[in-house]
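Shown next, in C-alpha cells, is the structure this report addresses.
Protein chains in written order, with the numbering used here: chain A, 1 to 584; chain B, 1001 to 1223.
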C-alpha cells in the first residue's frame, strides 16, 4: 500500500517538475526576447530557434519521461501484484497453520527458560479452562498442581540441558476449576533466532487412558490383596513346556523368588517328599486326560516347616492344542492347624469325660477285679489243701493252679481295659467287631446294672462284618449310652427296668447299634437339644456325654440319633460304616 | 418237685451232706467247688437261682452258698422266695462288697453267715460246717416231728382228747369227769396212747405233746 502511494506521488512530482522546468525555460526565453537589446538580431533568431528547440526537446523529454514512467509503472504494478499474491498466499498459509496450531487437539505451549508462557494454543488454553490471554506471560507452573510443580520444573530443566532433544513424560495438570487431567508431554528446548532459549511443549490428554490404567491397576491390586487375604494364589500351567506362571500370592505361598515363570520340576521339589509322587501322578493324569483336578498336599519349606495347601485347576486347551491348566492354590495350614487343635481339644474333652465316667463306675470296676481275685484266693487255698493231703493230690493241685493263672489273667485284663480306657491315646482306627466292644463295655457295668436293678438283654447276632473304628472311643460311646439308659430308668418303680442292646446290619449296609431303655423317655421339647454341649436334665453331670458321643460317631462317618419308644423309654442308636479293604 | 431238701419224707441223715453254690461267675463257682472238694465235701454248682430251683436236689443235709449279686434276682430276693416256698436250707451269703443294711437284712432272714469276697477259706469252711450241722439238726428235728405226727395221726379222736388232758397234768379221775366217761376207760385210752405214741413215760409224752403243739384247749390242733 505504502509503496503504491509513494509511487503515485513520485509520478506527479516528476511531471510537475518537468512541466515547471519547461515553463520556466519558456518564460526566461520570452522575457529575454521581448525585453532583450536586439530583438531582431540573428543572435536573437538563433536564440528563438534554440528556445523552440529547447521547448521541443522538453516536450520530447516529457513524452519520454511519461512513457518511461508508464513503463516503469507497468513494471512496478506487475511487481506489486505478484507481491500481493505472494502475501496473500503467505497470509492464507499462515491462517491455515494458525488454524492448525490453535485448534489441533494437542496443547502447545511455548515457554521461556524461566517457565513463562510465551505462547499457547487456544485448544491448549481451553483444555485447561483458561483463555489464551490468561496464560500468556504467566508462569507455566500455574497449570500444575502444587505436588507436580517440581516434577514439571525438573523436566523442563532436563530439556534445557539437552537442547534439541525431545523428551516426553506423563504428568498431572490442574484446570482453572481445580479438576485435574493427565497429559503426556513431548518437549524440546530450542534456541530462537534472537538467541533466546525457549521450550516447545506439546501435550496430549491421556486422562482417560490413565483412568483405565488406574482402574486396571486398582483391580489388580484388589485381586492381589484378595489373594493375600484368602491365602489363595493363582497359577497357569503349560503342560507342554512344564512352565508355570504364578501370581504374587502363589510366590509367597511357595516362598519362591519372584520370576516371570517357574518350572514344574522346581515346584515339585518344594512339595513334601511323602506327597511328591502323588502330586506328580495327579498332574500327569490330569495332563493326559485334559481334565480338571483338585488335590491337597504338603510343602516342605527350606526352614523345615510344613505348609498344607489345596490346589484346584481347570483344564483349557491353548491355540496349539496343548492342555493348559488355570488354577488356584490355597494355603490351608491355618485351617489344618485349627482343625487339629479342635480335634485335640475334643480328644481332651472326651478323655476327661471318660475319666469322669470311670470314676462313677469305680464300684463296678472294683467288683470286676475283685471277682477273679476272690477266685484266685479261694483256689490258692484249695490248692494248699490238695497238697496237704496224704498223699498230696497233685493232679487237682495242678488244675487249681491253672485256674489261678486264668483268673489272675482275667483280673489283669480288667485292669488293662480300664487303663486303656483312661489312657489319652490318639486315634487308632482299626477293623474291629462291634459285638466284642459291646461285651467289653458290659463287663464294666455289670455292677451298675445290678445295683440299679436293671435287667440287660443283649441281641448281638454273630458274624457281623467288622467296622473301622477306634476301640476306646467306641467303648466310650456305648458306655455313655448304657449309663444314660440305666439312669433314665432310676425313677421307674412300676415296671421292669430293662436295657436292650442290639447290633445289626441296616438297609444301607452299615452296622447299627441300638441301646433301648424302659425309662422316663425323652421329652419332646428336649429332643433337639439332647446332643448339644452342656445340655443336661440330670442334677449331676456336665451335659457333655452325648455331645461327645455324637462327635465321636461323626468322626467315624456314622450318625448318632435318639427316638422315643412306642412303649415307655427311649432308644439311642448309631451307625458305623463297614470297614472295607480298599478304604485304607 | 419231690426230693426238696426240707421235704419231710424218707430222710437219711447218714448220707453225705451237699454244699450248693449259686454264683453267676464261673470262676468263683469253680474255685468254691475246688475248695469244698479239697476238704472232701460234696458240692453242686449253679449259675443262677433259677437253675437251682429247676434241679432235683438230693435229700441230704446241705447248705446253700449264694452270691448276693445275681443277675435278674438278687440273693436276698432269692432267700425270700425260698422262705416263701418253705424250703428251709441254711444260706451263706457272699458279696463283693458287704454293706451293713444288706448284711442285716440277710441275717434277719436267717442267713448263717455273710462273707465278703475274697474270704479266708477257713471262714467259708467253718460257715459251711455250721450250716450243715444246723441243717442236720433241723432235718433230725423235722424227721422226729414228722414221726410224731404220723403216730399222732393213728390216735382216735377220743384218744387225742385224752392225750391233751393227760399231758395238761389232769388225773384220770378228773379226765373221766371232764369228758364224762368211766375212769377205767380213761386208763385204757392212756395205755393205747402210750403204745401208739411210743412214749416211754408220761414226761416223754408231755414233751411229744409240746412238740406237736397240743394243749388242753383243743384236742385237734396241729395235724
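Each residue gets a CB set at the ideal place from its N, CA and C atoms; glycine is no exception. A quick note: this is a predicted structure, and the numbers were derived from the prediction, not measured.
Discussion item. Below 8 Å on C-beta distance, what does residue 1096(B) contact in chain A?
Written reply: The sequence position of residue 1096(B) within the second chain is 96, counting from 1. Going along chain A in sequence order, the residues near residue 1096(B) (Cβ under 8 Å) are 366, 367, 370, 371, 374 and 447.
Discussion item. Using 8 Å as the threshold, is the C-beta distance between residue 1067(B) and residue 1023(B) below it?
Written reply: For the purposes of this step, residue 1067(B) is taken as the residue at position 67 of the second chain. For the purposes of this step, residue 1023(B) is taken as the residue at position 23 of the second chain. Yes. Within cutoff.
Discussion item. I want to see whether chain A comes within less than 8 Å of residue 1035(B), judged by CB atoms only; does it?
Written reply: Here residue 1035(B) corresponds to residue number 35 of the second chain, with the count starting at 1. Closer than 8 Å to some Cβ of chain A, the Cβ of residue 1035(B) qualifies, so yes.
Worksheet item: Applying the criterion that 16 or more other CB atoms from any shown protein chain within 10 Å of the CB defines a buried residue, is residue 253(A) buried or exposed?
Response: Locating residue 253(A) in the first chain gives position 253, where the first residue counts as 1. Buried.
Worksheet item: Run through DSSP, which three-state label would residue 458(A) get?
Response: Position 458 of the first chain, counted from the first residue, corresponds to residue 458(A). Three-state DSSP puts residue 458(A) in a strand.
Worksheet item: How many Å lie between residue 80(A) and residue 86(A) at the Cα?
Response: Looking up residue 80(A) in the first chain gives position 80. Looking up residue 86(A) in the first chain gives position 86. Each residue's Cα considered, the two are about 10 Å apart.
Item to complete: Starting from the beta carbon of residue 1025(B), find every residue of chain A whose beta carbon is closer than 8 Å, and list them in chain order.
Response: In the second chain, the residue the question calls residue 1025(B) occupies position 25. Going along chain A in sequence order, the residues near residue 1025(B) (Cβ under 8 Å) are 371 and 375.
Worksheet item: So, helix, strand or coil for residue 230(A), using DSSP?
Response: Your numbering for residue 230(A) matches position 230 in the first chain. DSSP places residue 230(A) in helix when its eight states are reduced to three.
Worksheet item: Helix, strand or coil: which one does DSSP assign to residue 110(A)?
Response: On the first chain, position 110 is the one that residue 110(A) refers to. Here residue 110(A) sits in strand by DSSP.
Worksheet entry | DSSP three-state assignment for residue 295(A), whether helix, strand or coil | Residue 295(A) sits at position 295 when you count from the first residue of the first chain. The answer is strand: DSSP assigns residue 295(A) an E or B state.
Practice prompt. Rounded to whole angstroms, what's the CA-CA distance from residue 275(A) to residue 289(A)? Just pull it up for me.
Written response: As a position in the first chain, residue 275(A) is number 275, starting the count at 1. As a position in the first chain, residue 289(A) is number 289, starting the count at 1. Their Cα atoms are separated by approximately 21 Å.
Worksheet item: Where does residue 1175(B) land, buried or exposed, given buried means 16+ other C-beta within 10 angstroms?
Response: Here residue 1175(B) corresponds to residue number 175 of the second chain, with the count starting at 1. When all chains shown are included, residue 1175(B) counts as buried.
Worksheet item: Is the CB of residue 381(A) under 8 Å away from at least one CB in chain B?
Response: Reading the first chain from its first residue, position 381 is the one you call residue 381(A). Chain B contact via Cβ: present.
Worksheet item: Does DSSP put residue 244(A) in a helix, a strand or coil?
Response: As a first step, residue 244(A) is located in the first chain; it is residue number 244 there, counting from the start. Here residue 244(A) sits in strand by DSSP.
Worksheet item: Could one say the Cβ of residue 1039(B) lies closer than 8 Å to chain A's Cβ atoms, at least one of them?
Response: Within the second chain, numbered from 1, the residue matching residue 1039(B) stands at position 39. Closer than 8 Å to some Cβ of chain A, the Cβ of residue 1039(B) qualifies, so yes.
Discussion item. Whole angstroms are fine: how far does the CA of residue 18(A) sit from the CA of residue 43(A)?
Written reply: Taking the first residue of the first chain as 1, we reach residue 43(A) at position 43. Taking the first residue of the first chain as 1, we reach residue 18(A) at position 18. Those two C-alpha atoms are separated by around 27 Å.
Discussion item. Suppose the cutoff is 6 Å on Cβ atoms and the five residues either side in sequence are ignored; what does the same chain contact list for residue 203(A) look like?
Written reply: Locating residue 203(A) in the first chain gives position 203, counting from the first residue. Only 107, 183 and 185 meet the Cβ criterion.
Practice prompt. At 7 Å on the CB atoms, spell out the chain A contacts of residue 1016(B), in chain order.
Written response: Position 16 of the second chain, counting from 1, holds the residue named residue 1016(B). What residue 1016(B) touches in chain A: nothing, since even the nearest Cβ is about 18 Å away.
Fill in: Chain-ordered neighbours of residue 417(A) on chain B, where CB pairs are closer than 9 Å
As a first step, residue 417(A) is located in the first chain; it is residue number 417 there, counting from the start. By Cβ distance, chain B contributes nothing, its closest Cβ being about 17 Å from residue 417(A), past 9 Å.
Practice prompt. Specify, as a first and last residue, the run of the alpha helix (DSSP H) that residue 575(A) falls within.
Written response: Here residue 575(A) is taken as the residue at index 575 of the first chain, counted from 1. Premise fails: residue 575(A) lies in the beta strand (DSSP E), 570–577, not in any alpha helix (DSSP H).
Worksheet entry | residue 431(A): first and last residue of the uninterrupted beta strand (DSSP E) it sits in | The residue you call residue 431(A) lines up with position 431 of the first chain. Segment 429–432, the beta strand (DSSP E) holding residue 431(A).
Item to complete: Can you give me the start and stop residues for the alpha helix (DSSP H) that residue 95(A) sits inside?
Response: Numbered from 1 along the first chain, position 95 holds the residue referred to as residue 95(A). Residues 42–103.
Fill in: Rounded separation between residue 1214(B) and residue 1151(B) - CA only
Your numbering for residue 1214(B) matches position 214 in the second chain. Your numbering for residue 1151(B) matches position 151 in the second chain. Going by the C-alpha atoms only, they are around 14 Å apart.
Worksheet entry | Range covered by the beta strand (DSSP E) that runs through residue 1065(B) | Working through the second chain from its first residue, we reach residue 1065(B) at position 65. It spans 1062–1067 - the beta strand (DSSP E) in which residue 1065(B) sits, taken as one unbroken run.
Worksheet entry | Closest Cα partner of residue 359(A) within the set 566(A), 448(A), 205(A) and 404(A) | Here residue 359(A) refers to the residue found at position 359 when the first chain is read from its first residue. The option with the nearest alpha carbon to residue 359(A) is 448(A).
Item to complete: Measure the Cβ-Cβ separation of residue 189(A) and residue 229(A) and say whether it is below 8 Å.
Response: For this step, residue 189(A) is matched to residue 189 along the first chain. For this step, residue 229(A) is matched to residue 229 along the first chain. No. Outside cutoff.
Worksheet item: Is the Cβ-Cβ distance between residue 129(A) and residue 109(A) less than 8 Å?
Response: Along the first chain, read from residue 1 onward, the residue named residue 129(A) stands at position 129. Along the first chain, read from residue 1 onward, the residue named residue 109(A) stands at position 109. No, they are not a contact pair.
Worksheet item: By how many angstroms is the C-alpha of residue 1086(B) removed from the C-alpha of residue 1218(B)?
Response: What you label residue 1218(B) is simply residue 218 of the second chain in a count that begins at 1. What you label residue 1086(B) is simply residue 86 of the second chain in a count that begins at 1. Per-residue confidence for residue 1218(B) stands at a pLDDT of 47, beneath the threshold of 50, marking its modelled position as unreliable; the derived number appears in the next sentence. Their backbone Cα atoms lie some 26 Å apart in a straight line.
Worksheet item: Apart from the five residues on each side of it in sequence, which residues of its chain come closer than 7 Å, Cβ to Cβ, to residue 143(A)?
Response: On the first chain, residue 143(A) is found 143 positions in, with the first residue counted as 1. Excluding sequence neighbours, residue 143(A) sits near 128, 173 and 174.
Practice prompt. Kindly list the residues whose CB is nearer than 7 Å to the CB of residue 1037(B), restricted to its own chain and excluding five residues on each side of it in sequence; keep chain order.
Written response: Walking along the second chain from the start, residue 1037(B) turns up at place 37. So the list reads 1043, once near-sequence residues are dropped.
Discussion item. Which residue wins for smallest C-alpha separation from residue 1190(B), given the options 1179(B), 1202(B) and 1034(B)?
Written reply: Working through the second chain from its first residue, we reach residue 1190(B) at position 190. Nearest C-alpha to residue 1190(B): 1202(B).
Worksheet entry | Span separating the alpha-carbon of residue 215(A) from that of residue 209(A) | Along the first chain, read from residue 1 onward, the residue named residue 215(A) stands at position 215. Along the first chain, read from residue 1 onward, the residue named residue 209(A) stands at position 209. Computed Cα separation, rounded: 10 Å.
Worksheet item: Which residue comes first and which comes last in the beta strand (DSSP E) that contains residue 564(A)?
Response: By one-based count along the first chain, residue 564(A) stands at place 564. 560–564 is the span of the beta strand (DSSP E), which, as asked, contains residue 564(A).
Practice prompt. Measure from the C-beta of residue 396(A) to each C-beta in chain B and report whether the shortest distance is under 8 Å.
Written response: Counting from 1 along the first chain, the entry for residue 396(A) is found at position 396. Chain B, which has a Cβ nearer than 8 Å to the Cβ of residue 396(A), makes this yes.
Fill in: Interface residues of the segment 312–339 of chain A facing chain B [CB-CB below 9 Å]
none
Practice prompt. Run down chain E in chain order and give the residues with a C-beta less than 9 Å from the C-beta of residue 1118(B).
Written response: The chain labelled as chain E is not found among the protein chains of the depicted structure, namely A and B.
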